[in-house]
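Written below as structure tokens is the structure these notes are about.
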Amino acid sequence: MTHVLVVGAGPAGLSAAVAASDAGARVTLLDSGDGLGGQYWRHLPLQRPAQREARLHHGWAAFDRLRGSLAGIEVVTEAQVWAIETHDGIAVHVLIGPADAGGRAARTLTPDALVLATGAHDRTLPFPGWNLPGVFSAGAAQALAKGERVAVGRRAVVAGAGPFLLPVAQSLTAAGARVLGVYEAARPSALAKGWLPRPWRLLGAAHKGGELAGYAAHHLGRRVPYRLGRAVVEARGDGRVEEVVIARLNADWSPVPGTERTLAADAVCVSHGFTPRLELPIAAGCRIGPDRFVAVDADQRTSVESVYAAGEITGIGGVDAALVEGRIAGARAAGAPASPADLKRRGATTDFARRIDAAHGIRRGWTSWLRDDTVVCRCEEVAYGPLCDAAAATDQAALRSVKLTSRAGLGICQARMCGRTVEELTGADPARAEDTTDRRPLAAPIRLGDLAAPATTCGKDTHV
Amino acid sequence: MSAIVPWETDPIRPDEPKPLHITVDGTRIEGLQGQSIAGVLLAHGTTEWRTTTAGRRRGVFCGIGVCFDCIAAVNGESDVRLCLRRANDGDTVTTQDDTKEAP
Amino acid sequence: MNADVVVIGAGIVGAACARALARTGLRVVVVDRGAPASATSARGEGNLLVSDKAPGPELDLAMLAARHWPGLAASLADELGPGFPDIEYDPKGGVVVATTEEGAEPLRAFADGQAAAGVEVAHLTAREALSLEPHLNPAITAAVHYPQDAQLQPVVATEALLASARRAGVTVLPHQEVVGVVREGDRITGVRTATETISAPSVVVAAGPWSGTVAGVLGADLPVRPRRGMVLVTARMAQRVFHKVYDGDYFGATQSADADLQTSSVVESTPGGTVLIGSSRQQIGFDDRLRVHVLAEIAKRALRLFPFLAGTPVIRAYGGFRPYVPDHLPVVGPDPRHPGLWYATGHEGAGIGLAGVTGDLLCAQLTGTAPAIDPAPFQPSRPSLAAHLTGGAA
Numbered sequence: 001m002t003h004v005l006v007v008g009a010g011p012a013g014l015s016a017a018v019a020a021s022d023a024g025a026r027v028t029l030l031d032s033g034d035g036l037g038g039q040y041w042r043h044l045p046l047q048r049p050a051q052r053e054a055r056l057h058h059g060w061a062a063f064d065r066l067r068g069s070l071a072g073i074e075v076v077t078e079a080q081v082w083a084i085e086t087h088d089g090i091a092v093h094v095l096i097g098p099a100d101a102g103g104r105a106a107r108t109l110t111p112d113a114l115v116l117a118t119g120a121h122d123r124t125l126p127f128p129g130w131n132l133p134g135v136f137s138a139g140a141a142q143a144l145a146k147g148e149r150v151a152v153g154r155r156a157v158v159a160g161a162g163p164f165l166l167p168v169a170q171s172l173t174a175a176g177a178r179v180l181g182v183y184e185a186a187r188p189s190a191l192a193k194g195w196l197p198r199p200w201r202l203l204g205a206a207h208k209g210g211e212l213a214g215y216a217a218h219h220l221g222r223r224v225p226y227r228l229g230r231a232v233v234e235a236r237g238d239g240r241v242e243e244v245v246i247a248r249l250n251a252d253w254s255p256v257p258g259t260e261r262t263l264a265a266d267a268v269c270v271s272h273g274f275t276p277r278l279e280l281p282i283a284a285g286c287r288i289g290p291d292r293f294v295a296v297d298a299d300q301r302t303s304v305e306s307v308y309a310a311g312e313i314t315g316i317g318g319v320d321a322a323l324v325e326g327r328i329a330g331a332r333a334a335g336a337p338a339s340p341a342d343l344k345r346r347g348a349t350t351d352f353a354r355r356i357d358a359a360h361g362i363r364r365g366w367t368s369w370l371r372d373d374t375v376v377c378r379c380e381e382v383a384y385g386p387l388c389d390a391a392a393a394t395d396q397a398a399l400r401s402v403k404l405t406s407r408a409g410l411g412i413c414q415a416r417m418c419g420r421t422v423e424e425l426t427g428a429d430p431a432r433a434e435d436t437t438d439r440r441p442l443a444a445p446i447r448l449g450d451l452a453a454p455a456t457t458c459g460k461d462t463h464v
Numbered sequence: 001m002s003a004i005v006p007w008e009t010d011p012i013r014p015d016e017p018k019p020l021h022i023t024v025d026g027t028r029i030e031g032l033q034g035q036s037i038a039g040v041l042l043a044h045g046t047t048e049w050r051t052t053t054a055g056r057r058r059g060v061f062c063g064i065g066v067c068f069d070c071i072a073a074v075n076g077e078s079d080v081r082l083c084l085r086r087a088n089d090g091d092t093v094t095t096q097d098d099t100k101e102a103p
Numbered sequence: 001m002n003a004d005v006v007v008i009g010a011g012i013v014g015a016a017c018a019r020a021l022a023r024t025g026l027r028v029v030v031v032d033r034g035a036p037a038s039a040t041s042a043r044g045e046g047n048l049l050v051s052d053k054a055p056g057p058e059l060d061l062a063m064l065a066a067r068h069w070p071g072l073a074a075s076l077a078d079e080l081g082p083g084f085p086d087i088e089y090d091p092k093g094g095v096v097v098a099t100t101e102e103g104a105e106p107l108r109a110f111a112d113g114q115a116a117a118g119v120e121v122a123h124l125t126a127r128e129a130l131s132l133e134p135h136l137n138p139a140i141t142a143a144v145h146y147p148q149d150a151q152l153q154p155v156v157a158t159e160a161l162l163a164s165a166r167r168a169g170v171t172v173l174p175h176q177e178v179v180g181v182v183r184e185g186d187r188i189t190g191v192r193t194a195t196e197t198i199s200a201p202s203v204v205v206a207a208g209p210w211s212g213t214v215a216g217v218l219g220a221d222l223p224v225r226p227r228r229g230m231v232l233v234t235a236r237m238a239q240r241v242f243h244k245v246y247d248g249d250y251f252g253a254t255q256s257a258d259a260d261l262q263t264s265s266v267v268e269s270t271p272g273g274t275v276l277i278g279s280s281r282q283q284i285g286f287d288d289r290l291r292v293h294v295l296a297e298i299a300k301r302a303l304r305l306f307p308f309l310a311g312t313p314v315i316r317a318y319g320g321f322r323p324y325v326p327d328h329l330p331v332v333g334p335d336p337r338h339p340g341l342w343y344a345t346g347h348e349g350a351g352i353g354l355a356g357v358t359g360d361l362l363c364a365q366l367t368g369t370a371p372a373i374d375p376a377p378f379q380p381s382r383p384s385l386a387a388h389l390t391g392g393a394a
């Protein structure tokens, strides 16, 4: 029996696990969180049941169906993959237990096939004051609203770029916050380029259009302004956010002088797109394409024979793409053919990523809203001025050199927050593998005592 | 200020949550079973608990465990991401200050 | 393109050579197939050690380097100004510790031998060791303090040498691999990259673990092989480690020739607040794939020195390739079989510390001026290396 290991239990991973199991494989599904659903279906924990939780979500029925189909699948939550070895077949090293705890149980899996569905996280461009308490990624605002029923503030501003800003605003409102406005950097001309003339005509799939039309109507109904060609260019306050400065943007995203407006706010929720979580695919030896996503073929297979990838790590395609790609990856990993219907559906979803990028992709003029003292690397408190000095001092701006001379990207988050930005600001060439910040042989921190001798060695898994 | 939706009026109709208590730097704080430690703090209106090397304050930023802004010591173990760690009754949390010279 | 000297390799040794040569007025071009300061020089800990070297030529060179680096660091800082990142030169000293009964006497004997060769050595009682390093495992069987050991930030140091070299007129060409040689008879008169030919009467191979490969491209040979090493980096913490601290097996590992995994513990703090933990040595070619059992070994040995590290998160692991030479001595001098060809390589884990004096030693030989140290032991033609060369010594 083929043993398929799926890493990540968001839409793509859940979908892959069920498909692999349906195709007759023995399946293990891992997720680092203590619940299933990933970020898209982030929900209240078991200890806080709610009758009408579905009201906070989209596609809840799909989620219910998937998590009801897990019988026969070994599901391990609180399972953090911290390393993947490839020098002697593929070995996946996992720590199981409360997040970051010492002494977690250790397990090493050597599956026949691996499906990576590790998802993505917000990419938030730095701006003056973005490191003040009260500034969050847009994803945080939504995760806390759905997973904790916490509103991050009373007067919230949502800003950045991409259709994701709208559901974030909706989640905030549903958690009791007043959303003062949603400020999208893309201007109408860019949106028209990416979408059809109306920004809520998203995909070929009809229901998707309805979903976003619902958002737009919700906003219009609740009088939450949705403004195009605007950005939060500064957050200010005494020790925490008290007000934001919003400016109009040119087409290249540079702020238009004289258009700044100040707004009193106690929460700022910002996302300018997504960064795929590539450390595990890279550790597994998968080739990353020039578009900075895992390169996969029609079977969702990566450049490594037994390794598949699905969901946001192959392209920011949203939940529809993730579900289809997951099904294809799961079936193929189990050695079964993908369904022709799925292959056809996937064709319709690949356009989504391209459209988002055309409409909402980051434009280079954003750097003009930076100041010398704007923090770029949050972990190491490296500001824009010193970062540029380090790049200038090292003449050729080799990324490794800039990191090691400025300390940008060397902190505990290992460049997850600042990596793409540091690459861009220092002129690194992402086509050169050594010039990217995505490579992390240790995918998560591990205490030295656990590295030396894991707490409980369940031994290497063998295929039975 | 961050705040939690009161369960009695939450339109998603949650069951009555069960309470728990944690200590943060010696101060007892009430929370609910099922909250992350960050959730306990945010529900309590606390949005910052860490000091960086530059002496600036941080709390939650990404909320999903990738930024490591929210780390604190939990039950004697340093560098725990509070947004990922489910709170247990009796947890002792000590906030971290990167400007401190000696342990 | 014409030059007086082509230096192949823009790591710390190549940078030091280029700088030294340019400051005598020579026109120097440095060429590297990758980015400068990004290979071996960017993958170590920045060690400037005398403590790990047995009496002999390499120790002599290291003693010279220990006296040379403070002045070099100050001179670079002066020249490049306060806007340039700090080299972080720190004469923190080293403490070598034995934690087993069998390890105690060999450590003491080794230190006595070094003392006789002029190294500053202080035998410590366990209590004295603990006063220098309060968090050390108290079960110490022997301890030696080496005040002359120092630390710096190797990438900044390399970039500083390159910046200074550029100011002296050196041209640095990154991302250009040397693919061929130009000869007149058996004289080397230049090198070829994919896009250019650089004519120069002297070519210096300073390509670290790739020096053997580069020598081959130039029609020569040099038995330099890669020796893989890994380093662990912890989360930042309040400082608990105050010197370089190693278990007595560190020098055993550098001297041995075993292809199998060799680990010994090296632990030190950095100005950034993290703790660096090494070290490992493996001869597995240029294979940089992760090996968890190597990290586990490094971790185990570190815990013997500093038990408190058990709860410390490791946030990063990185590795590099050291240039290993079968007779354990750097190769700095002309290749007598190939007129015009020079080497400055083979420093196996000591390259950062020895870079400055290597640059000067290479320069003195190439320009015919008086070297600061006898160059004979470092010649490619030395008897202990001759057996490994094609055509033996010239």
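Residue numbers (the working numbering), protein chains in the order written: chain G, 1 to 464; chain V, 1 to 103; chain S, 1 to 394. C-beta: ideal position from N, C-alpha, C; glycine also.
The three-state secondary structure of methionine 237 (chain S), taken from DSSP, is coil. Going by DSSP, glycine 212 (chain S) is part of the alpha helix (DSSP H) stretching over 211-217.
Inside the stretch 85-158 of chain S, DSSP marks whole beta strand (DSSP E) runs of 3 or more residues at positions 94-98, 122-124, 142-146, from first to last along the chain.
For valine 233 (chain S), the closest C-alpha among the options G:Arg301, G:Glu260, G:Pro445 is that of G:Pro445. Burial of glycine 147 (chain G) is indicated by the presence of at least 16 other C-beta atoms within 10 angstroms of its C-beta.
By the Cβ rule, the stretch 149-156 of chain S counts as touching the stretch 399-414 of chain G, because three or more pairs are nearer than 8 angstroms.
Judged by their CB atoms, cysteine 379 (chain G) and isoleucine 328 (chain G) are not nearer to each other than the 7 angstroms cut-off. From the beta-carbon of alanine 168 (chain S), no residue of chain G is found nearer than 9 angstroms; the closest lies around 14 angstroms away.
Spanning the alpha carbons of threonine 100 (chain S) and leucine 125 (chain G) requires a straight line of approximately 53 angstroms. At a C-beta separation below 9 angstroms, glycine 311 (chain S) has these neighbours in chain V: Gly76, Glu77, Ser78. Judged by DSSP in its simplified three-state form, glutamate 268 (chain S) adopts strand. When the Cα atoms are used, tryptophan 130 (chain G) and leucine 343 (chain G) turn out to be separated by approximately 42 angstroms. Taking 7 angstroms as the CB threshold, proline 45 (chain G) lines the interface with chain V. Considering only S:Asp288, S:Gln239, S:Leu290, the residue with the shortest C-alpha distance to phenylalanine 306 (chain S) is S:Gln239. Along the stretch 80-112 of chain G, the positions whose C-beta sits under 8 angstroms from a C-beta of chain S are Ala83, Ile84, Glu85, Thr86, His87, Ala91, His93, Asp100, Gly102, read in chain order. Residues Val50, Ser51, Lys53, Ala54, Pro55, Leu59, Val121 of the same chain have their beta carbon placed closer than 8 angstroms to that of glutamine 114 (chain S), with the five preceding and five following residues left out of the count.
Contact between arginine 432 (chain G) and glutamate 279 (chain G) fails: their C-beta atoms lie close to 18 angstroms from each other, not under 8 angstroms. The three-state reading of DSSP puts methionine 63 (chain S) in helix, counting H, G and I together.
The continuous stretches of beta strand (DSSP E) do not include serine 38 (chain S), and DSSP gives it neither H nor E. A direct Cα-Cα distance of roughly 9 angstroms separates cysteine 418 (chain G) from cysteine 67 (chain V). In this structure, DSSP gives valine 150 (chain G) an extended state, which the three-state scheme calls strand. Chain-ordered, the chain G residues with CB closer than 7 angstroms to the CB of serine 38 (chain S) read Ala398, Arg400, Ser401, Glu434. The Cβ neighbour count for phenylalanine 61 (chain V), taken over all protein chains shown within 10 Å, is at least 16; the residue is labelled buried.
Taking 8 angstroms as the Cβ-Cβ cut-off, the stretch 218-241 of chain S approaches chain V at Ala235, Arg236, Met237, Ala238, Gln239, Arg240, given in chain order. For secondary structure counted as the beta strand (DSSP E) over 3 or more consecutive residues, the stretch 17-88 of chain V holds these complete runs in sequence order: 19-24, 27-32, 71-74, 77-81.
When 9 angstroms is used as the limit between beta carbons, glycine 103 (chain S) is near no residue of chain G, the shortest such separation being about 19 angstroms. Counting the other Cβ atoms within 10 Å of the Cβ of leucine 276 (chain S) gives 16 or more, which makes it buried.
Between alanine 310 (chain G) and glycine 326 (chain G), the beta carbon gap of about 4 angstroms places them in contact (Cβ cut-off 8 angstroms).
When CB distances to chain G are screened at a threshold of 7 angstroms, the residues of the stretch 81-110 of chain S falling below it are Gly83, Phe84, Pro85, in chain order. Taking the C-beta atoms as reference points, valine 357 (chain S) is found nearer than 7 angstroms to histidine 68 (chain S). Within 10 angstroms of the beta-carbon of histidine 3 (chain G) lie 16 or more other beta-carbons, which makes it buried. For the pair threonine 99 (chain V) and proline 281 (chain G), the Cα-to-Cα distance works out to about 36 angstroms.
Using beta-carbon distances, threonine 426 (chain G) does not count as an interface residue toward chain S, since no partner is under 7 angstroms. Alanine 3 (chain S) and serine 254 (chain G) have their alpha carbons spaced roughly 45 angstroms apart. Contacts with chain V at 7 angstroms (Cβ-Cβ) include isoleucine 412 (chain G). In terms of Cα proximity to leucine 370 (chain G), the closest of G:Thr349, G:Val422, G:Asp320, G:Ala192 is G:Val422.
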